[in-house]
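*Asks:*
Residue numbers (full-length UniProt numbering): 1 to 297.
1. Helix, strand or coil for residue 21, going by three-state DSSP, please let me know.
2. Considering only C-alpha positions, which residue in the set 72, 64, 22 is nearest to residue 40?
3. Here's the rule I'm using: 16 or more other beta-carbon atoms within 10 Å means buried, otherwise exposed. How should residue 100 be labelled?
4. Determine the closest residue to residue 231 out of 240, 296, 107, with distance taken between C-alpha atoms.
5. On the CB-based measure, 16 or more other CB atoms within 10 Å of its CB, does residue 12 come out buried or exposed?
6. Could you tell me the alpha carbon to alpha carbon distance between residue 8 and residue 67, rounded to whole angstroms?
7. Leaving aside the five residues before and after residue 10 along the sequence, list all residues of the same chain whose C-beta is less than 7 Å from its C-beta, in chain order.
8. Does the segment 255-264 touch the segment 201-209, meaning 3 or more C-beta pairs lie closer than 8 Å?
9. Note down the Cα distance separating residue 3 from residue 62, rounded to an integer number of angstroms.
10. Could you please give me the residues that DSSP links to residue 286 through a beta bridge?
11. Express the C-alpha separation of residue 148 and residue 248 in angstroms, rounding to a whole number.
12. What's the gap between the Cα of residue 250 and the Cα of residue 196?
13. Does DSSP classify residue 78 as helix, strand or coil?
14. Can you tell me which of the three DSSP states residue 154 falls into?
15. Pick helix, strand or coil for residue 174, following the three-state DSSP scheme.
16. So residue 83 packs on residue 198, CB below 8 Å; how close in whole Å?
17. Between which two residues does the beta strand (DSSP E) containing residue 31 stretch?
18. If you measure between the beta carbons of residue 17 and residue 35, is that distance less than 8 Å?
19. For the candidate residues 154, 236, 267, 173, whose alpha-carbon lies nearest to that of residue 216?
20. Considering Cα atoms alone, identify which of 96, 80, 218 is closest to residue 87.
21. For residue 246 versus residue 175, is the C-beta distance shorter than 8 Å?
22. So what does DSSP say about residue 179, is it helix, strand or coil?
Here you go:
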């Protein structure tokens, strides 16, 4: 158990919190911590260490404001501004609204976010370190998020696949599934020239080394990875299909069943994720910040 320093106005108080491992191969929940309060350096370091160890941490019952969400996220690094400015939270461009809600005939957020397995913003030269998703409204049915451990996926690669990916690099594109998603729903607007300029293709290693833990992980996903450099198109497609299927084996996956006011912070260098979906008539809204990382190697 640890004590975090909480500073509210002129009142100094303390709060105890515990970190408890979740069932499964990875993930932990943090209980008794108010992220609206100020964490001292020691307790922030403990949270940071838990995030690295478990790849995903769930802060329970976080009744925080968007500004507090942003401020806590910034302690881990620079925040990324999502290309779809249409779904920024008004007054807070650092927050992407993820929601299936329609108000006055217009979507309030990105309703098909997470439809395909992906690592957030892997289509940038500096992909995301991690994302923090805060529940605002949850459906009575469905709405789960699935996460897959890409370290474990790499560690368990069959020998022939490990040999096939050795030294390979892959192309990542924000537009990989964009056209299909436009056909499937009304959430994806036509991108302007300025927006298209922000999402040019990039190339990353198929296997990356985590810059803080030193562990290797697969770094490909069906959502954003389009091809492997240096291979014929059919060989590239077959290899990616094999990697995608291996990555999401049941033993690699944690299913998060959201509780009210959960804030989930996951490591995009270690995990890929997928939104499981919910009935369209049930309201779902969450706020997401995304932290910039460094160039994969």
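No residue lacks a Cβ here, since even glycine has one placed at the ideal position from N, Cα and C.
*Replies:* On the basis of the data shown:
1. Three-state DSSP puts residue 21 in a strand.
2. When only C-alpha atoms are compared, the closest one is 72.
3. Buried, since its Cβ has 16 or more Cβ neighbours within 10 Å.
4. For the residues 240, 296, 107, the minimum Cα distance to residue 231 belongs to 240.
5. Unreliable positioning characterises residue 12 in this predicted model, as indicated by a pLDDT of 32, which lies under 50. The coordinate reading is nonetheless provided below. With a 10 Å radius around the Cβ and a threshold of 16 neighbouring Cβ atoms, residue 12 comes out exposed.
6. The predicted model places residue 8 with a pLDDT of 42, which falls under 50 and marks its position as unreliable; any figure quoted below should be read in that light. Rounded to the nearest angstrom, the two C-alpha atoms are 15 Å apart.
7. Legend: pLDDT at residue 10 = 37, less than 50; position of this residue unreliable, no value from coordinates given.
8. They do not touch, by the three-pair rule.
9. Its pLDDT being 43, under 50, residue 3 is placed unreliably by the model, and the measurement read from it follows with that caveat. Distance between the alpha carbons of residue 3 and residue 62 is about 17 Å.
10. Partner(s): 98, 135.
11. Each residue's alpha carbon lies about 6 Å from the other.
12. When rounded, the distance between both Cα atoms is 36 Å.
13. Coil.
14. In the three-state DSSP reduction, residue 154 falls in the helix class (H, G or I).
15. Residue 174 carries a coil assignment under DSSP once its states are collapsed to helix, strand and coil.
16. Correct: roughly 5 Å between the Cβ atoms.
17. Residues 28-31.
18. No, these two residues do not count as a Cβ contact at 8 Å.
19. Nearest option by C-alpha distance: 154.
20. Of the residues 96, 80, 218, the one whose Cα lies closest to the Cα of residue 87 is 96.
21. No, these two residues do not count as a Cβ contact at 8 Å.
22. If DSSP states are grouped into helix, strand and coil, residue 179 belongs with the helices.
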